[in-house]
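**Student:** Sharing a structure below in structure tokens format, with a few things to ask.
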Amino acid sequence: MDGIVSISQRIAGIQTQLAALATGAAQPTVAATGTNGTFDELLTRAVSEFSPVATAAPASIPAVLNADGVPADLAVYGNGKVPSEALAPIGTTGHKLWAPAAAKFEELLAAAAADGVTIGINDSYRTYERQVELVGKLGLYPEGGLAAVPGTSNHGWGRAVDLRLDGEALQWMRANGERFGFVEDTPRETWHWAFYPDRVA
Ligand SMILES: [Zn+2]
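Our numbering numbers the first residue of the sequence shown as 35 and each following residue consecutively.
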């Protein structure tokens with residue numbers, strides 16, 4: 035995905051400069067060279083001037099977990115207490131995660147789509163209050179239920195997604211999720227995938 039974005043941006047940059055050439059607005063150093071040389075030079079310059087653009091809101095946030103395994107930049111807020119603006123959207127899905135996780139999950143969704151696989155999202159970041167509600171509905175995981183003890187869920191740090199996966203999509207996630215850092219880390223919950231930045235390929 036980064037590669038595709040990079041190439042698209044380079045092409046856009048080249049097109050902009052070619053348009054400038056066509057209207058005579060190009061810089062003399064470019065205009066003075068031959069046709070092939072001009073294109074090569076434009077390409078070289080576009081590449082040298084290229085700088086990555088964030089795909090998700092605070093994507094410049096480093097993908098670093100602290101000693102407690104908590105996103106370093108979110109630790110100050112507390113599990114399930116993270117303000118919405120400190121999280122990043124997963125594209126247009128309406129779901130939010132820790133920014134590095136959101137960026138990687140967008141890449142994952144694009145890769146799945148390219149393989150003809152559809153992955154739905156049922157849940158992502160979850161507040162502490164919502165986790166308490168879920169315990170009431172689903173029971174505590176350590177007691178055989180399906181909800182983590184409030185204050186301990188990776189959803190409360192924007193590090194986990196609950197997915198809608200058919201058989202093919204589950205197979206795809208098991209084969210490909212980890213290269214985007216998403217790992218099936220909870221027995222009995224094939225829908226639950228958590229983000230481990232150090233597992234990104
Ligand atoms: Zn989950």
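Glycine included, C-beta positions come from ideal geometry on N, C-alpha and C.
(1) For Y111 and A148, what's the separation of their Cα atoms in angstroms?
(2) Any heavy atom of ligand 1 closer than 8 Å to the beta-carbon of A249?
(3) DSSP state of D149, grouped into three classes?
(4) Around the C-beta of K171, are 16 or more other C-beta atoms found within 10 angstroms, so that it is buried, or is it exposed?
(5) May I ask whether a heavy atom of ligand 1 can be found less than 8 Å away from the beta carbon of E212?
(6) Less than 7 Å between C-beta atoms, sequence neighbours within five positions excluded: which residues of the same chain meet that for I95?
(7) Leaving out five residues on either side along the sequence, give the residues of the same chain with a beta carbon under 8 Å from the beta carbon of E218.
(8) Drop a sphere of 10 angstroms on the beta-carbon of V195, count the other beta-carbons inside from all chains shown, and report buried for 16 or more, exposed for fewer.
**Tutor:** According to the data block:
(1) 37 Å
(2) Nothing can be reported for residue 249, as the shown portion of the chain is limited to 35 through 235.
(3) coil
(4) exposed
(5) Every heavy atom of ligand 1 is 8 Å or more from the Cβ of E212, so no.
(6) Around I95: D107, A133 and P134.
(7) Residues of the same chain with a CB within less than 8 Å of the CB of E218, apart from the 5 flanking positions on each side, are M207, R208, G211, T224, H226 and W227 in chain order.
(8) A residue is called buried when at least 16 other Cβ atoms come within 10 angstroms of its Cβ; V195 meets this threshold and is buried.
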